[in-house]
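Undergrad: In the working numbering, the protein residues as written are 450 to 898.
Below are the C-alpha cells for one structure; questions will follow.
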Ligand SMILES: Nc1ncnc2c1ncn2[C@@H]1O[C@H](COP(=O)(O)OP(=O)(O)O)[C@@H](O)[C@H]1O
Ligand SMILES: [Mg+2]
C-alpha cells in the first residue's frame, strides 16, 4: 500500500535530480525513473556547476551524479552539493565500478555507487538503504558517523536538516493555534543556524497570523498577490517579493484582510504557494482553519506536511471536538486522499492552573501521541501579542517563563536544533532586510548577513 516514500513515512514522492554529461542517456533515465509511482525528477543538469543552482533551489532528496562529469568532477560536485545542502543523498553512477572508487566516493560523502546501466529497482533500493541508515543514526543526523571529521558534511557547526512542513490544526477556535504558529515561527527563525523559515496563513476564516506578528492590518503582501502568478516564475527572488519578512527573519504570507479577496483565491494559487514553500524553505508552518478538513487547500497542505499539530485546550468541549477530528483524520477516506495519520501529534495548549481535565484524562482519549510538554495558560501571552509597535513576539519577551519553556520544548521536539534547548535566542540581525547569502552554505558556516 502506498508508494515507497509513503511506506517509509515520508509524505510524498522522492525528489530526484540527475546530473549527466550525456543528455540522451539522462533523458532515458528520467523516463524510466518516473514511470513508477515513487519518484519525480525535480531537475537535471549536464554540468556540475549548473547542478549546484538546481540543488539550492529545488532541494532534491537524491542527486544521481554521473562519474563521467569533468571540471568539476563528479566527486568535487558531490562535495559541493553536500556543503550546500548537507541532507542530500548523493549517489554516483558509473560504467566502471571498483572498490577504490567506492572508497573515494564514500570519503566525499556519496551514499551509494551504482553500476550503469541501473534499473528502477536499483535506485529504489539505494534510497531505502540511505533512509534506513539515517533512521538508525537519528532522522536529523545528516553527517554520518562513518565519515571522517574532515569530510564535507561536517563543514558547519550543525548537522541538520530534513525539511519540516508543519500544519497547525485545531478542531475548535481560540485554542491558541495562531499564537503557536507565530511564536514557533519566530523561534525557528531566530536560531543561530539561520534556517529559512516561512509561516503561511491559510486560516481564511479567522485571519490573524499577520496581526499576531505585528504586521499592519493591510500587509504589503498577502495571498491575494499570488493570484494569477505564473508558477514557472516562482524562483527565490520572486517568492520573497511575494512575502513579508518579520524582524526575526521569519518570512510570512498573511491572508488578505478583505473577505471578498479571500473568496476569490483559486485552487491553483494554493497549489503554487505550497509548492513554492516546499521548494525554498527549510521549515514551513501553516496556520490552517478550524475544522478545515473539508477544504481542498487545507487538505493539500496537510498531505504535504511532515508534522500535523492537533492543538486542543484540555477542557470538555475541546476534548469532545477532538474526537470528531480524530475520526476524520483516521478515516479510510483521508487515507485514500493520501493522508498519513501517523504524522499527527497532539499539542495541549492553554492548560489552566485549576479546573481542567487532567492531562492524563486527555491522553486516555487521544489516539495521537502528545508532542512537547503541555503549554500553560499565561495571561501575559495575550498582553504581549500584537501590541508591540516593534513587532517582538511573546516568545522573545517572555523567554524565562514556563510558557516559553514549553513552546521551546515543542519546537525542539519538531526540529531538534541544539540552540532551541539552551533557552536562548540569538540577537536579532541588525537589519532583517539586509540581503542574505544565497543558499544554506554560508549560513551553515555561521556567516551572518
Ligand atoms: N498559552 C496561552 N495563555 C494565555 N492566552 C493565550 C495562550 N495562547 C494563546 N492565548 C490567547 O488566546 C487567544 C486566542 O489565541 P489564537 O492564537 O488567536 O487562537 P486560534 O488561532 O486557535 O483561534 C488570543 O487572545 C491569544 O493571545
Ligand atoms: Mg487563529
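We put the CB at the ideal spot given by N, CA and C, even for glycine.
Keep in mind the model is a prediction, meaning the values are calculated, not measured.
Roughly how far, in whole angstroms, is the beta-carbon of residue 672 from the beta-carbon of residue 702, given that I think they are within contact range, below 8 Å?
TA: Indeed they touch by this definition, with Cβ atoms about 6 Å apart.
Undergrad: Compute every distance between the C-beta of residue 901 and the non-hydrogen atoms of ligand 1, then say whether any falls below 7 Å.
TA: No statement about residue 901 is possible, as the shown extent of the chain runs from 450 to 898 and does not include it.
Undergrad: Kindly indicate which three-state DSSP category residue 779 falls into: helix, strand or coil?
TA: Here residue 779 sits in coil by DSSP.
Undergrad: State the DSSP-derived secondary structure class of residue 464, mapped to helix, strand or coil.
TA: Strand.
Undergrad: Hey, residue 534 and residue 504: beta-carbon distance below 8 Å or not?
TA: Against a cut-off of 8 Å, the Cβ pair of residue 504 and residue 534 comes out as a contact.
Undergrad: Where in the region 610-661 do unbroken runs of the alpha helix (DSSP H), each at least 4 residues long, occur, reported from the N-terminal end onward?
TA: List check, alpha helix (DSSP H) in window: 626-638, 658-661.
Undergrad: Any residue with its Cβ nearer than 5 Å to a heavy atom of ligand 1 should be included. What is that list in chain order?
TA: Chain-ordered list of matching residues: 622, 623, 624, 625, 626, 627, 628, 799, 826, 827, 830, 831, 834.
Undergrad: Alpha carbon to alpha carbon, how far is residue 860 from residue 633?
TA: Cα to Cα, residue 860 sits roughly 6 Å from residue 633.
Undergrad: In its own chain, which residues sit with a C-beta less than 7 Å from the C-beta of residue 827, not counting the 5 before and 5 after it?
TA: These residues qualify, in order along the chain: 850, 852.
Undergrad: Is residue 767 near ligand 2, in the sense that its beta carbon is under 7 Å from a heavy atom of that ligand?
TA: It does not: the Cβ of residue 767 is nowhere closer than 7 Å to a heavy atom of ligand 2.
Undergrad: Taking only the alpha-carbon atoms, compute the straight-line gap between residue 489 and residue 657 and give it to the nearest angstrom.
TA: Answer to the nearest angstrom: the Cα atoms are 36 Å apart.
Undergrad: Taking the alpha carbon of residue 615 as the point to measure from, which residue in 495, 726, 844, 811 has its own alpha carbon closest?
TA: Answer by Cα proximity: 726.
Undergrad: In angstroms with no decimal places, state the Cα-to-Cα distance between residue 594 and residue 583.
TA: Any reading at residue 594 is ruled out, since the residue's pLDDT is 29, under 50, leaving its predicted position unreliable.
Undergrad: Which residue from 723, 744, 757, 832 puts its Cα closest to that of residue 398?
TA: Nothing can be reported for residue 398, as the shown portion of the chain is limited to 450 through 898.
Undergrad: In terms of alpha-carbon separation, which member of 707, 627, 761, 653 lies closest to residue 666?
TA: When only C-alpha atoms are compared, the closest one is 707.
Undergrad: With 16 as the cutoff for other CB atoms within 10 Å, does residue 544 come out buried or exposed?
TA: It counts as exposed.
Undergrad: Do you know offhand how far residue 560's Cα is from residue 579's?
TA: Each residue's alpha carbon lies about 7 Å from the other.
Undergrad: Quick check on residue 620 - is its C-beta less than 8 Å from some C-beta in chain C?
TA: Protein chains in the displayed structure number just one, and chain C is not present.
Undergrad: Just the C-alpha distance for residue 516 and residue 631, rounded to the nearest angstrom, thanks.
TA: Roughly 45 Å separates the two Cα atoms.
Undergrad: Of the residues 779, 491, 523, which one's Cα is nearest the Cα of residue 539?
TA: Closest by alpha carbon: 523.
Undergrad: Any heavy atom of ligand 2 closer than 7 Å to the CB of residue 671?
TA: For ligand 2, not one heavy atom lies less than 7 Å from the Cβ of residue 671.
Undergrad: Does the Cβ of residue 652 lie closer than 7 Å to at least one heavy atom of ligand 2?
TA: Yes, since a heavy atom of ligand 2 falls inside the 7 Å radius drawn around the Cβ of residue 652.
Undergrad: Less than 8 Å between the beta carbons of residue 626 and residue 638, yes or no?
TA: No.
Undergrad: Look at residue 463 and residue 576 and say whether their C-beta atoms are less than 8 Å apart.
TA: The answer is yes: Cβ separation under 8 Å.
Undergrad: Mind reading off the beta-carbon distance from residue 752 to residue 698? Whole number of angstroms is fine, and I expect it under 8 Å.
TA: With 8 Å as the limit, residue 752 and residue 698 do not qualify as a contact, their Cβ atoms being about 28 Å apart.
Undergrad: With distances taken between CB atoms, is the gap from residue 526 to residue 514 smaller than 8 Å?
TA: Yes; because the gap between Cβ atoms is below 8 Å, this pair is in contact.
Undergrad: Grab the span of the beta strand (DSSP E) containing residue 748 for me, first residue to last.
TA: No beta strand (DSSP E) holds residue 748; the alpha helix (DSSP H) holding it covers 745-753.
Undergrad: DSSP three-state label for residue 800, please.
TA: In the structure shown, residue 800 sits in a strand (DSSP, three-state: E or B).
Undergrad: Which word fits residue 857, buried or exposed, when buried means at least 16 other C-beta atoms lie within 10 angstroms of its C-beta?
TA: Under this definition residue 857 is a buried residue.
Undergrad: Put residue 521 into one of helix, strand or coil per three-state DSSP.
TA: Residue 521 falls in the coil class under three-state DSSP.
Undergrad: How should residue 668 be labelled, buried or exposed, when 16 other C-beta atoms within 10 angstroms of its C-beta is the threshold for buried?
TA: Its Cβ being crowded by 16 or more others within 10 Å, residue 668 is buried.
Undergrad: Could you tell me if residue 755 is buried or exposed, where buried requires 16 or more neighbouring beta carbons within 10 angstroms of its beta carbon?
TA: That one is buried.
Undergrad: If you draw a straight line from the C-alpha of residue 891 to the C-alpha of residue 510, how long is it?
TA: With a pLDDT of 30 at residue 891, under the threshold of 50, the modelled position of this residue cannot be trusted; read the value that follows with caution. Distance between the alpha carbons of residue 891 and residue 510 is about 20 Å.
Undergrad: How would you write the range of the beta strand (DSSP E) that residue 491 sits in, first residue to last?
TA: Per DSSP, residue 491 belongs to the beta strand (DSSP E) from 488-494.
Undergrad: Mind the definition here: the region 760-769 touches the region 794-801 only if three or more C-beta pairs lie below 8 Å; say whether that holds.
TA: In short, these stretches touch, since the Cβ pair count reaches three.
Undergrad: For residue 844, which residues from the same chain have a beta carbon less than 7 Å from its beta carbon, with the 5 sequence-adjacent residues on both sides left out?
TA: The residues are 632, 635, 636, 853, 856.
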